[in-house]
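Enquirer: Sharing a structure here in structure tokens format.
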Amino acid sequence: MPGVSLVGSGSACLSVPLTNDGLSQRVDTSDEWIATRTGIRQRHIAAPTDSLTSLATEAARNALEMAQVGVDEVDLILLATSTPDDLFGSACRVQAALGATRAVAFDLTAACSGFVFALVTAAQYIRTGVFKTVVVIGGDVLSRWTDWSDRTTCVLFGDGAGAVVLRAAERDRLLGFELCSDGSLNHSLNLAYQPESAPLVDGITVQKGSFAPITMNGREVYKFAVNRVPEVIEKALFRANLTTADIDWLVLHQANQRILDAVAARLGVPSERVVSNMARHGNTSAASIPIALDEAVRAGKVQPGDVIATAGFGAGLTWGAAIIEWG
Ligand code: COA
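For the sequence shown, the tail end lands on 327 under UniProt numbering, and the numbers increase by one without skipping.
If you want it as structure tokens, here you go:
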């Protein structure tokens, strides 16, 4: 059975930051409140000229460049997003923008767990020998769906995209994984369609609704994350035949510094081994793990052979972990 290796990473980050002080012009909040409760100091917001497609394409291009893989070699583009430019999917737009004409492309939606779910999905195509080269992208423009008058949610989120290139290899570097869902907790965090009735013809009424902005019970989500994330990482480590002592880098979904600290403390991972960029980016949903990973790789922190424990968690509710060896 072919194995999977991760051979490149890339990201697309927006240049103009929205600081906590900037946000406090809009809602009754402060840099002090946001920074102490979440660790976030700023986030980036997509301008009207940006799109999910443009961010995802830039991230994928940078990842392919690092991997020294040509667009014509790409078999599959998997785009994890909850904020597509088109509800029918945005991956094909990315395929066209990249010029990856041989690749099949589709979207995968699992909110802030989307990147980990897509990584594991992509790996299955490689392991079965169906595809040799896959680009996995996590991208989100949550600012489109943020209620900018709700200070309990609008301070958390930012926009961006990140990507990795996976290739078939002799030795499998996806060492273990575990994916979970619990739809009974969907009410804790969602971006739900709200149907309204509109009469169409005699006797037939259609739905004519819209999406409500992000709704969240912060305390429930916090409790869910600090309990479930260490558990799912331990299960993935067990499958990899490894222990927490083998983790070189903990690359968690960047939701809240307090969640990262609590998970690392539960697992006994020292803080210098925890990758954190949320002070600069906030929570970029499906983009947060690949952006954090790409920054750590480009900064020379993550080296070939390093064991990375990564975990995503969020709406669905969904959560999942993957243990990978870089390079
Ligand atoms: N600025 C200032 N005050 C704020 C505020 C803000 N942005 N948001 C909420 N508050 C106030 C509340 O109104 C409340 O005031 P009150 O005590 O007078 O009623 C007080 O701060 C405490 O609110 P609470 O919601 O209990 O705060 P908290 O300690 O639970 O922190 C979160 C809120 C959102 C930071 C925290 O629950 C959290 O991070 N949860 C996880 C969310 C997450 O990561 N979601 C994404 C997962 S993918």
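Backbone N, C-alpha and C fix where the C-beta goes; we use that ideal spot for every residue, glycine too.
(1) In the DSSP assignment, what residue or residues form a beta bridge with Gly320?
(2) At a cut-off of 7 Å, is Leu190 close to the ligand COA when judged by its beta-carbon and the heavy atoms of the ligand?
(3) Would you mind sorting Val232 into buried or exposed? The rule is 16 or more other CB atoms within 10 Å of its CB.
(4) Within the same chain, show all residues whose beta-carbon is closer than 8 Å to that of Arg41, passing over the 5 residues directly before and after it, in chain order.
(5) Residues bridged to Met216 by DSSP?
(6) Which residues mark the beginning and the end of the alpha helix (DSSP H) in which Ile289 is found?
(7) In whole angstroms, what separates the C-alpha of Asn190 from that of Ser149?
(8) Kindly confirm or deny that the region 246–256 and the region 43–55 touch, where touching means at least three C-beta pairs closer than 8 Å.
(9) Quick check on this structure: which residue in Leu108, Pro230, Asp159 and Arg144 has the alpha carbon closest to the alpha carbon of Gly282?
(10) Counting C-beta neighbours from all protein chains within 10 Å, is the total for Phe131 16 or more, i.e. buried, or is it exposed?
(11) Take every Cβ of the region 67–76, pair it with every Cβ of the region 185–205, and state whether three or more of those distances are shorter than 8 Å.
(12) Could you tell me whether any non-hydrogen atom of the ligand COA is closer than 7 Å to the CB of Ile259?
(13) Per DSSP, Ala163 is paired with what?
(14) I need the straight-line Cα distance from Val141 to Pro195, nearest angstrom please.
(15) What did DSSP end up calling Asp150 once you bin it into helix, strand or coil?
(16) Please state whether DSSP places Ser271 in a helix, a strand or coil.
(17) Compute the Euclidean distance between the alpha carbons of Asn241 and Val27, then round it to the nearest angstrom.
(18) Using the rule of at least 16 other Cβ atoms within 10 Å of the residue's Cβ for burial, across every protein chain shown, is Leu179 buried or exposed?
(19) Report the three-state DSSP secondary structure of residue 330 (helix, strand or coil).
(20) What does the alpha-carbon distance come out to for the pair Ala299 and Arg144?
(21) Round the Cβ separation of Ile126 and Pro2 to the nearest angstrom and send it over; I've been treating them as touching at under 8 Å.
(22) Over what stretch of residues does the alpha helix (DSSP H) that includes Asp107 continue unbroken?
(23) Starting from Trp33 and walking both ways along the alpha helix (DSSP H), at which residues does that stretch end?
(24) Using a 10 Å radius around the Cβ and a threshold of 16 neighbouring Cβ atoms, would you call Ala225 buried or exposed?
(25) Residues in the same chain with beta-carbon distance under 8 Å from Ile259, minus the five sequence neighbours each way, listed in chain order, please.
(26) Under DSSP, the beta strand (DSSP E) around Gln95 begins and ends at which residues?
(27) In whole angstroms, what separates the C-alpha of Thr38 from that of Ala192?
Expert: Walking through what the data contain:
(1) Leu179 and Gly312
(2) Just to set this straight, residue 190 is Asn in the shown sequence, not Leu. False, no ligand heavy atom lies under 7 Å from that Cβ.
(3) buried
(4) Thr19, Asn20, Asp31, Ile34, Ala35, Ala279 and Arg280
(5) Leu189
(6) Ser288 to Arg298
(7) 17 Å
(8) no
(9) Asp159
(10) buried
(11) no
(12) yes
(13) Gly10 and Ile137
(14) 23 Å
(15) coil
(16) helix
(17) 48 Å
(18) buried
(19) This structure cannot settle anything about residue 330, because the visible part of the chain is limited to 1 through 327.
(20) 31 Å
(21) 6 Å
(22) Per DSSP, Asp107 belongs to no alpha helix (DSSP H); it is in the beta strand (DSSP E), Val104 to Leu108.
(23) Asp31 to Thr38
(24) buried
(25) Tyr222, Ala225, Val226, Val229 and Leu252
(26) It is not in any beta strand (DSSP E) - Gln95 instead sits in the alpha helix (DSSP H) that spans Ala91 to Leu98.
(27) 25 Å
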